[in-house]
Every structure is written in C-alpha cells, then in structure tokens.
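Accompanying notes for the structure given below.
Numbering (the numbering used here), first residue to last: 3 to 317.
Set out below in structure tokens:
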C-alpha cells in the first residue's frame, strides 16, 4: 500500500477520477481536497462526499473544501455541470451523506495528511496547483515527504485550450487559473509527472465511448460515469474549445498504471506574466519533468472499465 492524496477541481472527469482511484488495490487514499476551479465548490464537495459514501468501501475519509481563489476563472458554462452531477439520483438515493467535510481548508488538510502519514505521499492533482503552492508556503517541510506529483496541467506544444481576451492561445486552463502556483511548484525538487494537452488529445470523449459505457450500465459505477459524461460535449465532427477529453482520468489512471502511457524526460518552466501567462514550455534551464507523450488507448479504456466494474462489484 502507498499513500495518495487527491486534489481535484470538481468537474466530471475529476469526480470520475475520485471514483476510480478508490478502486486501485494498493492505494491508501489519505485525503481528498476540492477546489472550485472547473466547477462550483459546494456541489463539487457534495458530489465527492456522495461518491465516497457509495463507492468508497467504508473508507474513513473526509473531504476538504479549498478556499483558494483564481487569477483567471474557468468559463461559467463549463463549471455548471457539477450541479447536475451532484443531483444524479444514484448519488442521492440514500438520502443521507455520511462522509464529513474537514474543519481545515484543503491546503492545510493536505499539509496535515502529508505530515502525519507513515512514509511519503504521492499527490494526484487534476486541477490548478494552488493548494499545493499554498501548502508549501504554510509548511515547507512537506516537500521532502512528497514522493511525487502527478499533475494534469499545461502543455509543451503551445496548443492551449484557453480562448480568452488578452491571452495568446498557448495556455492550458489549470495552469492559466493560477500561473504563479505553477511557478512555485516548479521551483521545488518534487518529482513531477505531467499529463498535458498533447497526450490527452489522444483520448477524446466520443459517441463510440458513450455507447460502450451505455452497454455496460448494469454496473453502477459505469452507469454513473455515463450519466456524468452525458453532461459534456463529445468530439464528433471537429474539435472545439469545449470538446471534452478524458484529461483527469488519464492523469489518475497513469499515476497508478504507468504501462498505459509512454513518457519522456524534459526540462520545463512556466510564464507568469503577459499574454502567455500560464504557458508551460521546454527550456534547457528548466526543471526536470516526466512528460506523458503517448497513450495506449485500448489499455487505458480497459483499465477504466476494470476499475469501474470493481467499484460496482464491491459496492
């Protein structure tokens, strides 16, 4: 068993990531932090608690609500899906939510869980790096107790997914939400595995994937996944700025099943000002990063199915 702390930002693939991570046999999930970035905080925390209740196999977990704030906020239209996810009947059938909310904000909960754990902790972060940057400021000693950071964020090919005024199109949203936080984390010695946009483009949400999960809806967790992904737009005829990819699920699954991806070692940095603020890029003077470059699509989707079936079987 190894320690893992999950910090996510509440959209569909974040919540699916939480569901799947709890099914990995050798993971000891020590904590869950939620930031209202690509979501609204209240329904994201609520949905996380209900997922733990339903698929957590009686884990003693609490959800920590972040009080971090953005430099640049995600589009409102994207964030609204969390309200619908939280309202799904499958998550509300029991009528009572048992998983508690911590009395500390997420960045201080992260500090507490990392410092109190036996051994080191791996961080899986599927949103902005703000909570980690604040945790490092509050307690610098956590740096030596973090085994590695697996982060979905950034891109090294200058093809961003942010289309906002006074922004140059090279930036990924999790990095854009708080560029200074990325700079703070990159300045540490924490080993980083980065899932950027270049690899997530290999696993778009398509009608075929929706149909595949529809045929497996007899499994409760896959039914929930299918409902969740019904809230967001797939890749059909062409890519748009709102096309949905399995960004966070790739990061989460690859953190525990590295054989599904290929990686390369790069040196990276981030811009914090100007129209490229939040742009991650390769440079000879940058910090070492393990960059995910290729995805074995069949192995990835097979692993997602296996974990979701396990959740349904053990529930």
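Where a beta carbon is used, it is the ideal one built from N, C-alpha and C, also for glycine.
Going by DSSP, residue 35 is part of the beta strand (DSSP E) stretching over 29-36. Here DSSP, grouped into helix, strand and coil, assigns residue 247 to strand. When DSSP assignments are scanned along the region 200-281, the uninterrupted stretches of alpha helix (DSSP H) that are 4 or more residues long and fall wholly within it turn out to be 209-216, 222-231 and 249-258. As a beta-bridge residue in DSSP terms, residue 154 pairs with 197. Within a 10 Å sphere around the beta-carbon of residue 95 sit fewer than 16 other beta-carbons, which makes this residue exposed.
Between the region 123-133 and the region 3-22, the count of C-beta pairs closer than 8 Å reaches three or more; the two stretches touch. No residue range can be given for residue 189, since it is assigned to no beta strand (DSSP E) and is classified by DSSP as neither H nor E.
Sequence-distant partners of residue 99 (beyond 5 residues in either direction) whose C-beta falls short of 8 Å from its own C-beta, in its chain, are 48, 51, 52 and 55. Put simply, the backbone Cα of residue 25 is about 31 Å away from that of residue 268. A contact is defined here as three or more CB-CB pairs under 8 Å, and the region 182-196 fails this definition with respect to the region 79-88.
In the three-state reduction of the DSSP assignment, residue 127 falls in the strand class. Listed in chain order, the non-local C-beta contacts of residue 105 below 8 Å within the same chain number zero, local neighbours out to five positions each way being set aside. Contact annotation: residue 31 and residue 21 have beta-carbon atoms that are not nearer than 9 Å. Counting C-beta atoms within 10 angstroms of its own C-beta, residue 276 has fewer than 16 neighbours from the protein chains shown and is therefore classed as exposed.
For residue 67, the pairing in a beta bridge is given by DSSP as 36.
Going by C-alpha positions, residue 69 is about 7 Å away from residue 37.
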